[in-house]
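Residue numbers (our numbering): 154 to 258.
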């Protein structure tokens with residue numbers, strides 16, 4: 154089973170954790186794209202409710218893992234745009250701590 158996660162993170166200063174309360178996680182598995190928010194899969198109604206409470210103009214950061222399914226990403230991006238999430242920032246995923254370059258002091 155191949156699971157690909159795309160992370161949509163609320164863009165705010167200092168918010169880097171994938172488990173922060175404003176995170177939206179998008180999963181592509183078995184030909185389906187799912188949006189997960191706060192541990193629950195969102196359907197159309199849940200996504201509309203989230204969009205209604207989202208501050209206008211506040212961007213979402215789209216974190217795209219290497220090898221992510223492009224069709225799923227496009228579909229989810231269009232679904233988010235239909236709900237009013239028009240300010241999206243596409244960024245690389247954060248590196249795990251053990252792969253970050255060492256900084257000499």
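In this text, a Cβ means the ideal position worked out from N, Cα and C, and glycines have one as well. The model shown is predicted, which means the values in this text are computed figures rather than measured ones.
For residue i, name the three-state secondary structure that DSSP assigns.
i           : result
residue 256 : coil
residue 231 : helix
residue 195 : strand
residue 200 : helix
residue 213 : strand
residue 248 : coil
residue 222 : coil
Can you say whether residue i is buried or exposed, counting buried as having 16 or more other CB atoms within 10 angstroms of its CB?
i           : result
residue 244 : exposed
residue 231 : exposed
residue 196 : exposed
Compare the beta carbon distance of residue i and residue j with 8 Å and say whether it is the shorter of the two.
i           : j           : result
residue 241 : residue 248 : no
residue 204 : residue 236 : yes
Just list the residues that DSSP pairs residue i with in beta bridges.
i           : result
residue 241 : 213
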